[in-house]
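Numbering (our numbering), first residue to last: 707 to 991.
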C-alpha cells in the first residue's frame, strides 16, 4: 500500500519542501526587522543629525578647510589604491585561475590574509616596519624618506586591507569560464597581449568592475589601519573617517554627522552600482 503524501508538502525536484507560509513570513519579517534596526535606522539618524541645524550649517561643515583636505586625501588615496589593486587583481586571478604551479595554494592563502588580520594590527605592522624605531626606520631617516604619519603610509595601509577584493571576485569567474577561448585565440595566431585584451579582459569586465566598486568603497571608508599610520594631523593626514572621529570627539556633532553623511552617500551609491553590475552580469550570463 502506497502512503499518501501529506497535504502540506510540495515536491520540488528530488526533495520535498513543507508549505509553511507563517514560517516563511516570520523569517522574512525577522530579516527585514534586523535590517531596519541595524542599517536603515542608523542611516536615517546620520542624515537627520546632519541636517538638524539647517542646510546652511550642513554645507558650512562640508566647506571647512580641514574637511576639504580630508576629502581630497581620501579621493587621492582611492585614486592610487584602486588602479594598483586592479592590476594586481587581474594578474593574480589570471595566474591562479588559468595555470597550475607550485605554491598556488600558498598564494591564495596570502591573498586572504587581510580578511583574517585586524586592520589595526595591519597598521601596527607598518609602524614596526617603517616607523622611526622600526626595521627600516634608520635607513628611511638617513635618506629623508617619510612613510609613517604621512601619505605613503596611508596608501600602503589602504592597499593592504583592500587588495583581496578584486582578485577574489575574479578567480571564481575565470575558473568557471575555463581557458577554451584563450586556447582557441592562440591556435588562430593571436599573441599573448591580443588574447588578453580581446578575449580574457572582455570576459572578466563585469567581475572586474564589481571588485573595483567594493575596493573603492573600502578604500574610502577604511579606518583602523589608516588610524594607526596617519598620526591624525589636521589638514594633512586625516581621511574622511578619521576627520569624523575628531569632530565627534570635540563635540561638534552636527559637523561630524554632516561629514559622515558623505560616507553614507558613498555606501548607497556603492549598493546601487553593485546591484546594477549584478543585474548586468546575470543578464549577460
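Built from N, CA and C at the ideal position, the CB exists for glycine as well.
Just so it is clear, the structure is predicted and the values come from calculations on it, not from any experiment.
Give a yes or no on whether the C-beta atoms belonging to residue 788 and residue 918 are separated by under 8 Å.
Counted from its first residue, the chain shown places residue 788 at position 82. Counted from its first residue, the chain shown places residue 918 at position 212. Contact flag set, yes.
Chain-order list of residues whose beta-carbon lies under 7 Å from that of residue 983 (same chain, five-residue window excluded):
Within the chain shown, numbered from 1, the residue matching residue 983 stands at position 277. Cβ within range, chain order: 912, 915, 916 and 919.
Exposure of residue 767, with buried meaning 16 or more beta-carbon neighbours within 10 Å
Position 61 of the chain shown, counting from 1, holds the residue named residue 767. By the 16-neighbour rule on beta-carbons within 10 angstroms, residue 767 is buried.
Quick check: what's the CA-CA separation for residue 752 versus residue 758?
As a first step, residue 752 must be located in the chain shown, where it is residue number 46. As a first step, residue 758 must be located in the chain shown, where it is residue number 52. For residue 752 and residue 758, the gap between their C-alpha atoms comes out near 10 Å.
Applying the 10 Å Cβ sphere with the 16-neighbour rule, what's the burial state of residue 850?
For the purposes of this step, residue 850 is identified with residue 144 of the chain shown, where counting begins at 1. Taking all protein chains in view, the Cβ of residue 850 is surrounded by fewer than 16 other Cβ atoms within 10 Å, so the residue is classified as exposed.
List the endpoints of the continuous alpha helix (DSSP H) containing residue 874.
To locate residue 874, count along the chain shown from 1; it is residue 168. Where residue 874 is concerned, the enclosing alpha helix (DSSP H) stretches over 870-883.
What are the boundary residues of the alpha helix (DSSP H) that residue 778 is part of?
Translated into positions along the chain shown, residue 778 becomes position 72. It spans 771-804 - the alpha helix (DSSP H) in which residue 778 sits, taken as one unbroken run.
Please return the same chain residues whose Cβ sits closer than 7 Å to the Cβ of residue 773, not counting the five positions on each side in sequence.
As a position in the chain shown, residue 773 is number 67, starting the count at 1. The answer, listed in chain order, is 767, 949 and 965.
State the DSSP-derived secondary structure class of residue 808, mapped to helix, strand or coil.
To locate residue 808, count along the chain shown from 1; it is residue 102. Coil, per DSSP.
Thinking just about the alpha-carbon of each residue, which of 924, 775, 871 and 872 is nearest to the one in residue 941?
Reading the chain shown from its first residue, position 235 is the one you call residue 941. Ranking the options by Cα distance to residue 941, first place goes to 775.
Assuming residue 855 contacts residue 754 (C-beta within less than 8 Å), just tell me the rounded distance between them.
On the chain shown, position 149 is the one that residue 855 refers to. On the chain shown, position 48 is the one that residue 754 refers to. Wrong, their Cβ atoms sit about 36 Å apart, outside the cutoff.
What does the Cβ neighbour count give for residue 869, buried or exposed, with the cut at 16 atoms within 10 Å?
Numbered from 1 along the chain shown, position 163 holds the residue referred to as residue 869. When all chains shown are included, residue 869 counts as buried.
In its own chain, which residues sit with a C-beta less than 7 Å from the C-beta of residue 814, not counting the 5 before and 5 after it?
For the purposes of this step, residue 814 is identified with residue 108 of the chain shown, where counting begins at 1. 802, listed in sequence order.
Among 935, 952, 778 and 955, which residue has its Cα nearest to the Cα of residue 834?
One-based indexing of the chain shown puts residue 834 at position 128. Nearest neighbour of residue 834 by Cα position, chosen from 935, 952, 778 and 955, turns out to be 935.
Could you say which of 947, 922 and 928 lies nearest to residue 976 if we only look at CA atoms?
The residue you call residue 976 lines up with position 270 of the chain shown. For the residues 947, 922 and 928, the minimum Cα distance to residue 976 belongs to 922.
Rounded Cβ spacing between residue 969 and residue 930 (contact assumed at less than 8 Å):
Numbered from its first residue, the chain shown carries residue 969 at position 263. Numbered from its first residue, the chain shown carries residue 930 at position 224. Their Cβ separation, rounded to whole angstroms, is 15 Å, which puts residue 969 and residue 930 out of contact at 8 Å.
Determine, using beta carbons only, whether residue 799 and residue 907 come nearer to each other than 8 Å.
Numbered from 1 along the chain shown, position 93 holds the residue referred to as residue 799. Numbered from 1 along the chain shown, position 201 holds the residue referred to as residue 907. Residue 907 is positioned such that its CB atom lies no closer than 8 Å to that of residue 799.
Can at least three beta-carbon pairs, one atom from the segment 893-902 and one from the segment 855-866, be found at a separation below 8 Å?
Touching, no.
Just tell me which of 956, 871 and 902 has its CA closest to the CA of residue 794.
As a first step, residue 794 must be located in the chain shown, where it is residue number 88. Residue nearest to residue 794 within the set 956, 871 and 902 is 871 (criterion: CA-CA distance).
Would residue 924 be called buried (16 or more neighbouring beta carbons within 10 Å of its own) or exposed?
By one-based count along the chain shown, residue 924 stands at place 218. Only buried fits residue 924, as 16 or more other CB atoms lie within 10 angstroms of its CB.
For residue 759, the three-state DSSP class (helix, strand or coil):
Working through the chain shown from its first residue, we reach residue 759 at position 53. Coil, per DSSP.
Comparing C-alpha positions only, which one of 857, 956 and 817 sits nearest to residue 791?
In the chain shown, the residue the question calls residue 791 occupies position 85. The shortest Cα separation from residue 791 among 857, 956 and 817 belongs to 817.
Could you tell me how far apart the beta carbons of residue 901 and residue 888 are, in whole angstroms, since I believe they sit closer than 8 Å?
As a first step, residue 901 is located in the chain shown; it is residue number 195 there, counting from the start. As a first step, residue 888 is located in the chain shown; it is residue number 182 there, counting from the start. Going by Cβ atoms, the distance from residue 901 to residue 888 rounds to 5 Å, so yes, they are a contact pair.
Thinking C-beta only, is residue 885 closer than 8 Å to residue 804?
Residue mapping note: residue 804 aligns to position 98 of the chain shown, counting from 1. Residue mapping note: residue 885 aligns to position 179 of the chain shown, counting from 1. A contact, by the Cβ cut-off of 8 Å.
Helix, strand or coil, according to DSSP, for residue 837 in the structure here?
The residue given as residue 837 occupies position 131 in the chain shown. Three-state result, residue 837: coil.
Does the distance from the CB of residue 946 to the CB of residue 761 come in under 8 Å?
Numbered from 1 along the chain shown, position 240 holds the residue referred to as residue 946. Numbered from 1 along the chain shown, position 55 holds the residue referred to as residue 761. Against a cut-off of 8 Å, the Cβ pair of residue 761 and residue 946 comes out as no contact.
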